[in-house]
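Protein sequence lines, in the order shown, are assigned to chains A and B. Note that our numbering numbers the first sequence so that position 214 is 1321, with each residue one more than the last. Note that our numbering numbers the second sequence so that position 301 is 319, with each residue one more than the last.
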Amino acid sequence: MPVATAMLEDQDSAASRMAAPSRFGDKAFEWLTLGMALAVILLVFLIGWQLARGSTLAIQKFGFHFLTTSTWDPVAEQFGALPFIYGTVVSSLIALLIAVPLSIGTAVYLTELAPLWIRQPIVSLVEMLAAIPSVILGLWGIFVMIPWLRDYLFPLLKKLFGWTPFFTGPIYGTSMLAGGMIIAVMILPIITSVSREILRSVPKLQREAAYALGATRWEVTRIAVLSYARKGLFGAGILGLGRALGETMAVTMVIGNTPQIAVSLFKPGYTLASVIANEFTEATSDIYLQALFEIGLVLFGVTIVVNLLAQLLLKTMTTKTATRAVQ
Amino acid sequence: MTKSFRFGAKLLGLTIALGLSASASAQLMINGAGATFPYPIYSKWFDAYTKVDPSVRFNYQSIGSGGGQKQIMAQTVDFGASDGPMSDDNLSKAPGKLLHIPTVAGAVVMTYNLAGNPALKLDGPVIAGIYLGQIKKWNDPKLTALNPGVNLPDQEIVVAHRSDGSGTTFIFTDYLSKVSADWKSKVGNNTSVNWPTGIGGKGNEGVSGQVKQTPGAIGYVELIYAIQNKMPYADLKNADGGFVKATLESVTAAMATAQIPDDFRFSITNAPGKDAYPIAGATWLLVYAEQKDATKGKKLVEFLKWAVSKGEGMAKDLDYAPLPDSLQQRVLKRIDEIKL
């Protein structure tokens, strides 16, 4: 995480400035923390290994087809994960598209513009949003959000953007778009609070320098603050994405749980996490259970791949700015 | 300082004394796991049974039928519970002979959302047609023929089904497989299936939420859930050709007329008899025919006997259908055959 690295660099420079007395305690502390860090890595490998072990039969039986076929039929014991992978990735992307601008906007308002007396109430409210259990959010989704989407927002979207393939077909309310929207609500708090911390860590000098050059408030925010903090904000987005991929309960209740790949966002979809939550408890045959384990393994893989891609994107983005700076 | 130390010591002494007395009158703990559908009645039974035999305590984890079957096969629990009978494959994998003890039954009802809330009549082939995606509109001739006098709208039928694996889906698809050859070959019967059409909702609340909020929707939910939430549900045509309302009595009637084999792995969907409601199913406890631990086994047998005789009397209060007398007698006889 970029935030973490930035903090580490700070600590390093602070340590080198001080003369480090060699003490046993320091060494022990170092080993202890190293052990903890290794334990996390070990845990990740253990999870992966266990999931792979639990799905050996399914991997052998379906092979690579598991990732490329779309049939999910517990009666005939034919299992393919493609619609679930698609649903997970698409619903998470929708969530990011909605949540990132909202979160960064909130964070900018809170750090740059809001009068002091209003900051704390908003911060507490956003943090309270994170404390709502996801099953409650899901019920709210079924009984409040879905009817509203079906009667007001979706018809409007259809009227405005019906010419694109994304907003066509009958409107039921439960849909891929509804799933993405509920995830957006769930990842808003984390992206907002991380973004706020990052914006707060932008040095005052940056802003003062921009003001000194005669920049307006908007220009200061855009050039001196947002552009400076871009890397960290991207990291906040990645943290949100990580949560979005694994969200289960609330999504399950509003996404429609239909394993299909449809371009229209009004159509119901299904996610990897949802199918596990839905079917694990009542799966009785071995191959069925193993297929569900393999879904878990795929989710694990998707999370890793998406995170790697995001890191890669971040890297190319920062090298580009570096070269631009040199030119 | 000393005062608080003394107090602490007293507290410690008290805790030890309590611990000792608890272990002195050690209770026998019988562990079970499985189905969620009968959980309310089972926990009532376990509670009521402490008055019958204070020396036994029950610990039941409602982790789902799949988990119940797995755990009893692995012998990590003393009894399992399942909403569907175990497959031959799973039975052969168990380390000993497993008995199915039916306890109570429930029904699955068709609930719907139509303007004006008309009373609706449905039959098996029409339900299968709707869930196969072949009957698409409420004013389809097949629907209007069943409901003369009801003004059915020219409206799309929105199909809702359970997305989570469940005994309810097992019973529903078991019924459809019996009344429609098309359903049997295309979809089949399981706790979760490859649905040809419709939207999946999680749990009874997910399906009913979908139905309540979508005009023109139809869905299936447990009878208990429909009664407790005052939802409308259709009368169904049974195997004898009459239309029957889903009630606890019509479910018990179905169990009385259904063919029940000696291993009790029965299905009561589409049962004969003029009072039998067609989409119903029982739930079972799973126990080994030979109990390894004689003391525990004896207590378990005593409890089972109490449950299928006295316990059945509590079923109706919790909206479960009790076993008919004839079946109770057969089950009691089977429990007597458990070897200790």
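In this text, a Cβ means the ideal position worked out from N, Cα and C, and glycines have one as well.
Check                                                                                                                                                                               : Outcome
In the segment 210-230 of chain B, which residues sit with their C-beta less than 8 Å from some C-beta in chain A, listed in chain order?                                           : Ser210, Val211, Asn212, Trp213, Gly216, Ile217, Gly218, Gly219, Lys220, Glu223, Gly224, Gly227, Gln228
In three-state terms, what does DSSP make of Val205 of chain B?                                                                                                                     : coil
How about Val1301 of chain A and Ala1238 of chain A: are their beta carbons less than 8 Å apart?                                                                                    : no
Sort A:Met1356, A:Ile1297, A:Gly1349, A:Ser1282 by Cα distance to Lys220 of chain B and report the nearest one.                                                                     : A:Met1356
Along the segment 1374-1392 of chain A, where does the CB come closer than 9 Å to a CB of chain B? Name the residues.                                                               : Pro1375, Tyr1377, Ser1381, Val1382, Ala1384, Asn1385, Glu1386, Phe1387, Thr1388, Glu1389, Ala1390, Thr1391, Ser1392
Does Trp302 of chain B come out as helix, strand or coil in the three-state DSSP assignment?                                                                                        : strand
Check for me: the alpha helix (DSSP H) holding Asp1 of chain B runs from which residue to which?                                                                                    : Only positions 19 to 358 of chain B appear in this structure, which leaves residue 1 of chain B out of reach.
Use the C-beta contact count for Ile1148 of chain A: other C-beta atoms within 10 angstroms, 16 or more gives buried, fewer gives exposed.                                          : exposed
Note down the Cα distance separating Ser41 of chain B from Val74 of chain B, rounded to an integer number of angstroms.                                                             : Low confidence applies to Ser41 of chain B: its pLDDT is 43, below 50, so where it sits in the model is not reliable, and the reading given next is rough at best. The straight-line gap from Cα to Cα measures roughly 14 Å.
Answer with yes or no whether the minimum CB distance from Ser181 of chain B to chain A is below 8 Å.                                                                               : yes
Residues bridged to Leu117 of chain B by DSSP?                                                                                                                                      : B:Val305
Cβ of Val95 of chain B within 8 Å of Cβ of Ala51 of chain B?                                                                                                                        : yes
I'd like to check one pair, Phe1400 of chain A with Ala1165 of chain A: are the Cβ atoms closer than 8 Å?                                                                           : yes
Alpha carbon to alpha carbon, how far is Lys62 of chain B from Ile353 of chain B? Give it in angstroms, no decimals.                                                                : 21 Å
Comparing C-alpha positions only, which one of B:Asp337, B:Gln309, B:Ala300, B:Leu358 sits nearest to Gln346 of chain B?                                                            : B:Ala300
For Thr232 of chain B, which residues in chain A fall below 8 Å Cβ to Cβ?                                                                                                           : Arg1257, Tyr1279, Gly1280
Taking only the alpha-carbon atoms, compute the straight-line gap between Thr1213 of chain A and Phe76 of chain B and give it to the nearest angstrom.                              : 52 Å
In whole angstroms, what is the alpha-carbon distance linking Leu117 of chain B and Phe97 of chain B?                                                                               : 10 Å
Relative to the C-alpha of Leu1440 of chain A, which residue among A:Leu1189, A:Leu1232, A:Ile1201 is closest?                                                                      : Look at the range of chain A in this structure, 1108 to 1434, and you will see that residue 1440 of chain A is not part of it.
If you draw a straight line from the C-alpha of Ala1135 of chain A to the C-alpha of Ala1144 of chain A, how long is it?                                                            : 14 Å
Determine the extent of the alpha helix (DSSP H) in which Phe76 of chain B is found, giving its start and end residues.                                                             : From DSSP, Phe76 of chain B is part of no alpha helix (DSSP H) but of the beta strand (DSSP E) over 74-79.
Got a sec: is the Cβ-Cβ distance from Asn247 of chain B to anything in chain A below 8 Å?                                                                                           : no
Which whole-angstrom value describes the C-beta separation of Met1360 of chain A and Gly1245 of chain A, a residue pair presumed to lie in contact below a C-beta threshold of 8 Å? : 3 Å
Rounded to whole angstroms, what is the Cα-Cα separation between Ile1298 of chain A and Ser1210 of chain A?                                                                         : 6 Å
I need the DSSP call for Ile217 of chain B, collapsed to helix, strand or coil.                                                                                                     : strand
In this structure, what does DSSP give as the bridge partners for Phe1186 of chain A?                                                                                               : A:Trp1179
Under the rule that 16 or more other beta-carbon atoms within 10 Å means buried, what is Arg1324 of chain A, buried or exposed?                                                     : exposed
Looking only at its chain, what residues have a beta carbon closer than 6 Å to the beta carbon of Ile1205 of chain A, apart from the 5 residues adjacent to it on each side?        : Ala1291
Considering Cα atoms alone, identify which of A:Val1358, A:Gln1418, A:Thr1391 is closest to Pro103 of chain B.                                                                      : A:Thr1391
Is it right to say Leu140 of chain B is buried, meaning 16 or more other beta carbons lie within 10 angstroms of its own, or is it exposed?                                         : buried
Ends of the alpha helix (DSSP H) at Leu1260 of chain A?                                                                                                                             : Segment: none, Leu1260 of chain A is in no alpha helix (DSSP H) and carries neither H nor E.
Rounding to the nearest angstrom, what Cα-Cα distance links Ser1198 of chain A and Met1288 of chain A in this structure?                                                            : 8 Å
So what's Arg180 of chain B in DSSP terms, helix, strand or just coil?                                                                                                              : strand
Does DSSP put Glu1389 of chain A in a helix, in a strand, or in coil?                                                                                                               : coil
If we count Cβ pairs, one from each stretch, closer than 8 Å, do we get three or more for the segment 332-343 of chain B versus the segment 265-276 of chain B?                     : yes
When you compare the segment 1247-1264 of chain A with the segment 1303-1320 of chain A, are there three or more beta-carbon pairs, one atom per stretch, that lie closer than 8 Å? : no
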